[in-house]
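Step one of this worksheet: look at the structure below.
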Amino acid sequence: MTTTKAPARERTQATGLTGAIKGRLQQLLAFASLIVIYAFFSIVSPFFFSYGNFIAILFSTVVIGTLAIGTTFVIISAGIDLSVGTGMALCAVMSGVFMVNMDLPLALGVPLAVLFGGLMGLVNGINVAILRIPPFIATLAMMLVAEGLALVLSHSTPIYFSDVPGYTDLSTGNLIPNVPNAVLILLVVAIIAGVLLTKSVLGRYTYSIGSNEEATALSGIDVRKWKIAIYAFAGLFTGLAGVMISARLGSAQPATGMGYELQAIAAVVIGGTSLSGGKGSIIGTLIGALIISVLNNGLQIMSIPQEWQNVILGGVILVAVYTDRIRKREA
Amino acid sequence: MRTRKIVAAAAGAVLALSLAACGQGGTSGAGGGPLIAIVSKGFQHQFWQSVKKGAEDEAAAKGARITFVGPPTEKDVEQQVNMLTNELAKSPQALGFAALDSRAAAPLLQQAKSQNIPVVAFDSGVDSDIPVTTVATDNKAAAAEAAKHLSEQIGGQGKVALVVHDQTSLSGKDRRDGFLDWMRQNAPGITVLPPQYGGGDQLESANITKSIISANPDLKGIYAANEGSAIGVIKGVEESGKSGAIKIAGFDSGKAQIDAINSGLMAGAVTQDPLDMGKQLVDAALKAINKEQLPKRIDTAYYWYDKTNINDPKIKAALYQ
Chain A
4 MTTTKAPARE
14 RTQATGLTGA
24 IKGRLQQLLA
34 FASLIVIYAF
44 FSIVSPFFFS
54 YGNFIAILFS
64 TVVIGTLAIG
74 TTFVIISAGI
84 DLSVGTGMAL
94 CAVMSGVFMV
104 NMDLPLALGV
114 PLAVLFGGLM
124 GLVNGINVAI
134 LRIPPFIATL
144 AMMLVAEGLA
154 LVLSHSTPIY
164 FSDVPGYTDL
174 STGNLIPNVP
184 NAVLILLVVA
194 IIAGVLLTKS
204 VLGRYTYSIG
214 SNEEATALSG
224 IDVRKWKIAI
234 YAFAGLFTGL
244 AGVMISARLG
254 SAQPATGMGY
264 ELQAIAAVVI
274 GGTSLSGGKG
284 SIIGTLIGAL
294 IISVLNNGLQ
304 IMSIPQEWQN
314 VILGGVILVA
324 VYTDRIRKRE
334 A
Chain B
1112 MRTRKIVAAA
1122 AGAVLALSLA
1132 ACGQGGTSGA
1142 GGGPLIAIVS
1152 KGFQHQFWQS
1162 VKKGAEDEAA
1172 AKGARITFVG
1182 PPTEKDVEQQ
1192 VNMLTNELAK
1202 SPQALGFAAL
1212 DSRAAAPLLQ
1222 QAKSQNIPVV
1232 AFDSGVDSDI
1242 PVTTVATDNK
1252 AAAAEAAKHL
1262 SEQIGGQGKV
1272 ALVVHDQTSL
1282 SGKDRRDGFL
1292 DWMRQNAPGI
1302 TVLPPQYGGG
1312 DQLESANITK
1322 SIISANPDLK
1332 GIYAANEGSA
1342 IGVIKGVEES
1352 GKSGAIKIAG
1362 FDSGKAQIDA
1372 INSGLMAGAV
1382 TQDPLDMGKQ
1392 LVDAALKAIN
1402 KEQLPKRIDT
1412 AYYWYDKTNI
1422 NDPKIKAALY
1432 Q
């Protein structure tokens, strides 16, 4: 695999302008599909097209969207992170431990919970980069550890935030009238993540490691260090998602989270990020997450039987991955 | 060019699929009539499918329409909240709701109230004063029924143990206390060991059962408070080589319990009636739509079943494999 691939820099030059257009095209197509699906539901259901429902869709995208942003970094670096779902539950529980059990103030407890996610990511990164455990296995192990720890630390019961003033406002409050704060937070972190991915050293090395790890290492970059950084950075989003889900529910639910990692990966893939690494964008991931929420919302509002909703969602994922493969064969 | 064609085809396929799905079913029950949106605690599980069937049949009989959704597992609180949001967007005439976490759903119940949508709680109580009524099994009475039959099985004498799924949920507490209260009041000859909790997990419940048996070789009977606990208790008794010597009374159904009752490993079990729950839910919702007065609680049926009546049509309809 490594011998047939040209080093990252040469590759970009070789594909040049057409490559850049093709990259954009994928995003445009994803966005176009989103619009088409949105228009479709607006026509067939009298309840779908309303401001209230639009906000409801955005609101329901927050948790998966936040997880998917972190996952985008990992997948672009040709890794995978299966621990974000149960990791999110563990961070939600930690949020409860910090603010309910230890009585820390909001301004301290929330950053600590987010950092705890980063710490989990750091451990994932060390396992992948230093111990050389394949990412699938390393993060699968972390998924189980996090699931267990969340139950242990919470004594298997939800932790309620009723006595933490302002906590639920993080999600359901309205800094801007009629827009839940959670939606604003998702937009802000998406913009930050997008800028970091395209403009920062971290972002550049994420692409570079993902498209050709060996070449990146040969050009003198400490790949192990940067891989750890990527997983740790992605972990921060797991932590933030833990805060957002517990703020919305008013409680940390220790047993929840399993399966969220797959939805996050689905959002990333629908958004045009390649599972083999080196390619992808935050805006694509957001569109992917929105497509999933719009489908969930629209199909339910149309009263499609639940069994069929999953069939359709699965179909969309297949189509998205298939077009990705076709695109690669063409390039 | 090729990419664009493929994506266009794909988008078309997706829409075609959704249209096909619409044709498949959509809302249950024919034509017009009031729409009752039901958000349950689960979906795939046989119990919820039976609630759904009971609700569908009743809606068809009364000329109402229902929709029935539920999260994949009873841990997916966020998904349930999203589903509730989506159902409210449809402005149904009434809402049936079984809360996974009452507090998480509180803002949405408030929204239902402001939209003038009456809420009927079902399965377990919703911790709020918004629901007009709660349609649920009286777990305490059902547990007392299990206690009565277990006492009969062992002739009102000896030691019994109980394996309960948890000590925090309302159903766990009621199914424990109903059993303990009946024993205290009606069975002076029976010593009840302190309740043990296995989280509803089969393996854990089996291990608990084995340690109870080794600590109490003279044990006469065990009561298990839900399906997972019961399967564990059956396993534990089997592995201890006490099959038949220790009488087991279970709760709910499922293939493992039904098999154990048929083979004589288990004395019998109490089952809720999910079909009746669905039926009563729709009835209550229709009454709420017509602004009729409803009692605070509507108890749904439960039955003791054992080898003798397991093939009774009424019992059979309430059991799931």
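Protein chains in written order, with our numbering: chain A, 4 to 334; chain B, 1112 to 1432.
Idealized CB from N, CA, C, for every residue including glycine.
Quick caveat, the model's predicted, so the values are computed rather than measured.
Which residue from Q1296(B), A1412(B), A1396(B), R1286(B) puts its Cα closest to that of Y1308(B)?
-> R1286(B)
Assess contact between the region 100-111 of chain A and the region 59-70 of chain A, defined as three or more Cβ pairs (one per stretch) separated by less than 8 angstroms. Is contact present? no
request  = Flag this pair as touching only if the region 1209-1226 of chain B and the region 1345-1364 of chain B have three or more C-beta atom pairs under 8 angstroms; answer yes or no.
outcome  = no
Alpha helix (DSSP H) containing Y170(A): first to last residue?
-> Taken as a continuous stretch (DSSP letters only), Y170(A) belongs to no alpha helix (DSSP H), as it is neither H nor E.
In whole angstroms, what is the alpha-carbon distance linking P137(A) and G82(A)?
-> 9 angstroms
Exercise. Using a Cβ cut-off of 8 angstroms (strictly closer), state whether V1150(B) contacts chain A.
Key: no
Own chain partners of A323(A) with C-beta closer than 7 angstroms, once the 5 adjacent residues on each side are dropped = V272, I273
Taking the straight line between their C-alpha atoms, what separation do you get for G260(A) and P1183(B)?
12 angstroms
- Query: How about the region 246-261 of chain A and the region 148-168 of chain A: do they share at least three Cβ pairs that are nearer than 8 angstroms?
  - Reply: yes
Original post:
Y41(A) by DSSP, collapsed to three states: which one?
Top reply: helix
Under a CB-based cut-off of 8 angstroms, is Q30(A) close to chain B? no
Taking the C-alpha atoms as reference points, what is the distance between T209(A) and K1407(B)?
-> 59 angstroms
message: Does F51(A) come out as helix, strand or coil in the three-state DSSP assignment?
response: coil
How many whole angstroms separate the CB atoms of S1340(B) and G1311(B), which I take to be in contact at a CB cut-off of 8 angstroms? 6 angstroms
So is M1377(B) in contact with chain A if we call contact Cβ pairs under 8 angstroms? no
Thinking just about the alpha-carbon of each residue, which of G1352(B), V1271(B), Y1413(B), G1365(B) is nearest to the one in Q1313(B)? G1365(B)
Can you name the residues of chain A whose CB is closer than 7 angstroms to the CB of S1316(B)? None at all; the shortest Cβ gap to chain A is about 15 angstroms.
- prompt: In the DSSP assignment, what are the bridge partners of I179(A)?
  reply: V182(A)
DSSP has R1176(B) in a bridge; who is on the other side? L1146(B)
**Prompt:** Is any beta-carbon of chain A found at less than 8 angstroms from that of T1178(B)?
**Reply:** yes
- Task: Check the Cβ-Cβ distances between P1218(B) and every residue of chain A, and say whether any is below 8 angstroms.
- Result: yes
Would A59(A) count as contacting chain B if we go by Cβ distances under 8 angstroms? yes
* Hey, is D1187(B)'s beta-carbon within less than 8 angstroms of any beta-carbon in chain A? -> yes
- [ ] Go ahead and pull the three-state DSSP assignment for A1254(B).
- [x] helix
Test: Y170(A) CB closer than 8 angstroms to a CB of chain E: Although the question refers to chain E, the structure presented lacks it and instead comprises the protein chains A and B.
Quick one, which residues of the region 276-304 of chain A are near chain B if we go by CB-CB under 9 angstroms, in chain order?
S296, L298, N299, N300, G301, L302, Q303, I304
Is it the case that the Cβ atoms of I1228(B) and A1205(B) are separated by a distance below 8 angstroms? yes
Practice prompt. Grab the span of the alpha helix (DSSP H) containing L1211(B) for me, first residue to last.
Written response: Neither: L1211(B) is in no alpha helix (DSSP H) and is coded neither H nor E.
Reducing DSSP to helix, strand and coil, say where I1241(B) ends up.
coil
- Query: Between which two residues does the beta strand (DSSP E) harbouring G1379(B) extend?
  - Reply: 1379-1383
**Message:** Using DSSP's beta-bridge definition, name the partner residues of D1410(B).
**Reply:** A1247(B)
| field | Residue environment, T1320(B), which counts as buried when at least 16 other CB atoms sit within 10 Å | value | buried
*asked:* Counting only Cβ-Cβ distances shorter than 8 angstroms, please list the residues of the region 1191-1207 of chain B near chain A, keeping chain order.
replied: V1192, N1193, M1194, T1196, N1197, E1198, A1200, K1201, S1202
Checklist entry - If you run the structure through DSSP and keep just helix, strand and coil, what is S222(A)? => result coil
key: Nearest-angstrom Cα separation, counted from G283(A) out to S277(A)   = 6 angstroms
C-beta neighbour in chain A for A1215(B), strict 8 angstroms:
yes
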